[in-house]
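Peer 1: Have a look at this one before I ask anything.
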Amino acid sequence: MAHHAPEHDYNAEGHAVHGKANVKPILKALAWIVGITAFEFLLAFTMDAGSLRNAIFIILTIFKAFFIVAEFMHLRHETKSLIWTILVPMALLIWLLVALIAEGSAVGEAIFGAAR
Amino acid sequence: MANPTTTLTGSASYEAPRSGTWDGGNEPFKASYGKLMMWFFLLSDAFTFAAFLTTYGMVRHRHLAYVGEAKDFFFSTMHWPIPEKVFNAFPGLHGVDIPLAFVALMTMILIVSSVTMVLAVEAGHRMDKDDVQKWLLWTLLFGAMFLGCQAWEWTHFITGSDHGLKMVDGSTVYGANLTVNEYGPVLFADLFFFITGFHGTHVFSGLCLLTYAFIATTNGTFHKRGHYEMIEKIGLYWHFVDLVWVFVFTFFYLI
């Protein structure tokens, strides 16, 4: 590729750029996500399956989601009103989950009865 | 970051931008139109994926669970399989039981691609065209790698094991399709195809957007525009795809 003009060395205001990249918060979030995932694998092979393990998995997943949404998607640095606009509707999903899991269990019980 | 209204050029703007509170001059979210709409789209997409995963939970609770020690587990259409017994294959190691290793690799690839995407956005803030190009290329590479891994996993899932599963009518079923599978109830494979397939489609769309972003960056489109907001918007989408995978990973592979 021909390198005719040094156009990329200046920003819109005409100032030279190539400032130092601020990657520390990004790498910190990455370390958390990788660490949590490694811990999940450890649990998957050392802990017996059950409601307790599932609860731990779900809580850890929400932690990972926090790092992705807050740091990678930058939501933590947006205005409060935007943060709540995105987060509050998600609360509806809690009811969806509770209702449909209960529904599934009820249907299963109706089909299999005492076998469960 | 440059305000888009201040960089409007050409003959499109004959009159001064409206700035009154009720004229559209108010920005309560302090986010541009495009970014806001991307957030709202992602919110709706989150509902779609949540509905899929909730359906998985519902269907799983409707079926019988395997009771007994994990080491004595056997495949049957009567009970829901333990995920680590289904997803235990690794490319090049035929017949070796390596539970969840391949999906761990896929997860890492996607998380790393998310990090390179943040770095592309960060480089865009500094108006550093070369860095944006570099990190977009890495993101494209990791995204394509993830999709390749998924293709391998689907192929393995569809082909099945050497021994298959003996059915009551005496026939043997190998692998999986939408009507029968050797791993468990019919809906187990159906949900696998729909959920990971829908996610894979999102990854593919993301790769198309990234390809566009790379070409436009190389052509200097965003540099002439004075800001790299398009990279930010595509970045939001790409991180969302990673976010969804984190949940798919937990609900499909771990629990």
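Read top to bottom, the protein sequences are chains A and B. Quick note, the first sequence lines up with residues 1 to 116 if you use the numbering used here. Quick note, the second sequence lines up with residues 117 to 371 if you use the numbering used here. Ideal Cβ placement from N, Cα and C applies to all residues, glycine included.
How many angstroms separate the CA atom of B:Phe189 from the CA atom of B:Gly313?
Peer 2: Distance between the alpha carbons of B:Phe189 and B:Gly313 is about 27 Å.
Peer 1: Going along chain B, which residues have a C-beta under 9 Å from A:Val107?
Peer 2: Neighbours of A:Val107 on chain B, chain order: Met174, His177, Arg178.
Peer 1: Skipping 5 residues on each side, what residues in its chain have a beta carbon closer than 7 Å to that of B:Met283?
Peer 2: Taken in chain order, the residues that qualify are Val289.
Peer 1: Taking Cβ positions, are B:Thr366 and A:Thr61 nearer each other than 7 Å?
Peer 2: Yes, Cβ-Cβ distance for B:Thr366 and A:Thr61 is below 7 Å.
Peer 1: Using a Cβ-Cβ cut-off of 7 Å, state whether A:Lys24 counts as contacting chain B.
Peer 2: With 7 Å as the cut-off, A:Lys24 does not count as an interface residue toward chain B.
Peer 1: Among the residues of its own chain, which have a CB less than 8 Å from the CB of A:Ala63, if the five just before and after it don't count?
Peer 2: This sequence places Phe at residue 63 of chain A; Ala is not what is there. Correct list, in chain order: Trp32, Ile36.
Peer 1: Is the CB-CB distance between B:Gln249 and B:Thr171 below 7 Å?
Peer 2: No, the Cβ-Cβ distance between B:Gln249 and B:Thr171 is not below 7 Å.
Peer 1: Is there at least one Cβ from chain B nearer than 7 Å to A:Thr123's Cβ?
Peer 2: The requested residue 123 of chain A does not occur in the structure, where chain A is confined to residues 1 to 116.
Peer 1: Within this structure, are the beta carbons of B:Pro197 and B:Asn204 separated by less than 7 Å?
Peer 2: Result no, Cβ atoms of B:Pro197 and B:Asn204 do not sit closer than 7 Å.
Peer 1: Excluding the five sequence neighbours on either side, which residues of its own chain have a C-beta within less than 7 Å of the C-beta of A:Ser51, listed in chain order?
Peer 2: Correct list: empty, nothing qualifies.
Peer 1: Between the stretch 290 to 299 of chain B and the stretch 339 to 351 of chain B, can you find at least three pairs of beta-carbon atoms closer than 8 Å?
Peer 2: Flag = no, the stretch 339 to 351 of chain B and the stretch 290 to 299 of chain B do not touch.
Peer 1: Which residue from B:Asp285, B:Gly276, B:Phe330 puts its Cα closest to that of B:Lys245?
Peer 2: Nearest of B:Asp285, B:Gly276, B:Phe330 to B:Lys245, Cα basis: B:Phe330.
Peer 1: What residue from B:Gly291, B:Gly136, B:Leu326, B:His241 has the CA that sits closest to B:Asp306's CA?
Peer 2: Here the closest residue by C-alpha is B:Gly291.
Peer 1: Is the beta carbon of A:Ile68 closer than 7 Å to that of B:Leu352?
Peer 2: Cβ atoms of B:Leu352 and A:Ile68: not closer than 7 Å.
Peer 1: Are the CB atoms of B:Phe145 and A:Thr46 within a distance shorter than 7 Å?
Peer 2: Cβ distance not < 7 Å, so A:Thr46 and B:Phe145 don't count as in contact.
Peer 1: Helix, strand or coil for B:Val289, going by three-state DSSP, please let me know.
Peer 2: Strand, per DSSP.
Peer 1: Along chain B, in chain order, which residues have C-beta atoms closer than 8 Å to that of A:Ser81?
Peer 2: Result: Pro144, Phe145.
Peer 1: The alpha helix (DSSP H) spanning B:Pro99 covers which residue range?
Peer 2: In the structure as shown, chain B starts at 117 and stops at 371, and residue 99 of chain B therefore has no counterpart that could be examined.
Peer 1: Mind checking who B:Trp196 pairs with in its DSSP beta bridge?
Peer 2: Note: B:Trp196 sits in a beta bridge opposite B:Ala181.
Peer 1: What's the C-alpha gap between B:Phe206 and B:Ala267?
Peer 2: Their Cα atoms are separated by approximately 13 Å.
Peer 1: Name, going along the chain, the residues of the stretch 347 to 367 of chain B whose beta-carbon falls closer than 7 Å to a beta-carbon of chain A.
Peer 2: Here the close residues are Leu352, His355, Asp358, Leu359, Val362, Phe363, Thr366.
Peer 1: Please classify B:Ser369 as buried or exposed, where buried requires at least 16 neighbouring CB atoms within 10 angstroms.
Peer 2: Looking at the sequence provided, one finds Tyr at residue 369 of chain B rather than Ser. Looking at its Cβ environment, which holds 16 or more other Cβ atoms inside 10 Å, B:Tyr369 is buried.
Peer 1: Can you pull the chain A residues whose beta carbon is under 7 Å from the beta carbon of B:Phe371, in chain order?
Peer 2: The amino acid at residue 371 of chain B is misidentified as Phe; the sequence shows Ile. Within 7 Å Cβ-Cβ: Asn54, Phe57.
Peer 1: Closer than 6 Å by C-beta to A:Ala29: which residues in its own chain qualify, once you throw out the five before and the five after it? Chain order, please.
Peer 2: Only Phe67, Glu71 meet the Cβ criterion.
Peer 1: Can you check whether the CB of B:His355 is closer than 7 Å to the CB of B:Ser160?
Peer 2: It is not a contact, given that the beta carbons lie outside the stated cut-off.
Peer 1: If you measure beta-carbon to beta-carbon, which residues of the stretch 32 to 44 of chain A are closer than 8 Å to chain B?
Peer 2: Under the 8 Å Cβ criterion, the stretch 32 to 44 of chain A contributes Ile33, Val34, Thr37, Glu40, Phe41, Ala44.
Peer 1: Look at B:Trp251 and B:Leu235 and say whether their C-beta atoms are less than 7 Å apart.
Peer 2: Contact flag set, yes.
Peer 1: Under 7 Å between the Cβ atoms of B:Leu158 and B:Gly259?
Peer 2: It is not a contact, given that the beta carbons lie outside the stated cut-off.
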